[in-house]
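Trainee:
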Amino acid sequence: QIGEGAAAAMMMLAALAVVLVPYSVWIVWRRRAEGRNG
Numbered sequence: 951q952i953g954e955g956a957a958a959a960m961m962m963l964a965a966l967a968v969v970l971v972p973y974s975v976w977i978v979w980r981r982r983a984e985g986r987n988g
């Protein structure tokens, strides 16, 4: 049986993904924008 620890870990991973994915996308987009502008 899966305990509460596993559920908590899944929630932490989900929260981490929600934060890191948009952040990484924004960093890459900003690098491209700065490089294009000079």
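Counting from 951, one number per residue, gives the positions in the sequence shown under the numbering used here.
Note that beta-carbon positions come from the ideal geometry of N, C-alpha and C, so glycine has one too.
This one's a predicted model, so the numbers in the text were calculated from it and none came from an experiment.
With respect to the alpha helix (DSSP H) encompassing G955, which residues constitute its N-terminal and C-terminal limits?
Mentor: The count along the sequence shown starts at 1 and reaches residue 955 at position 5. Run containing G955: 954-987, per the alpha helix (DSSP H) assignment.
Trainee: When the Cα atoms are used, what is the spatial distance from V969 to G985?
Mentor: Residue mapping note: residue 969 aligns to position 19 of the sequence shown, counting from 1. Residue mapping note: residue 985 aligns to position 35 of the sequence shown, counting from 1. Roughly 25 Å separates the two Cα atoms.
Trainee: What number of angstroms, rounded off, separates the C-alpha of S974 from the C-alpha of N987?
Mentor: Counting from one through the sequence shown, the residue named residue 974 turns up at place 24. Counting from one through the sequence shown, the residue named residue 987 turns up at place 37. Distance between the alpha carbons of S974 and N987 is about 20 Å.
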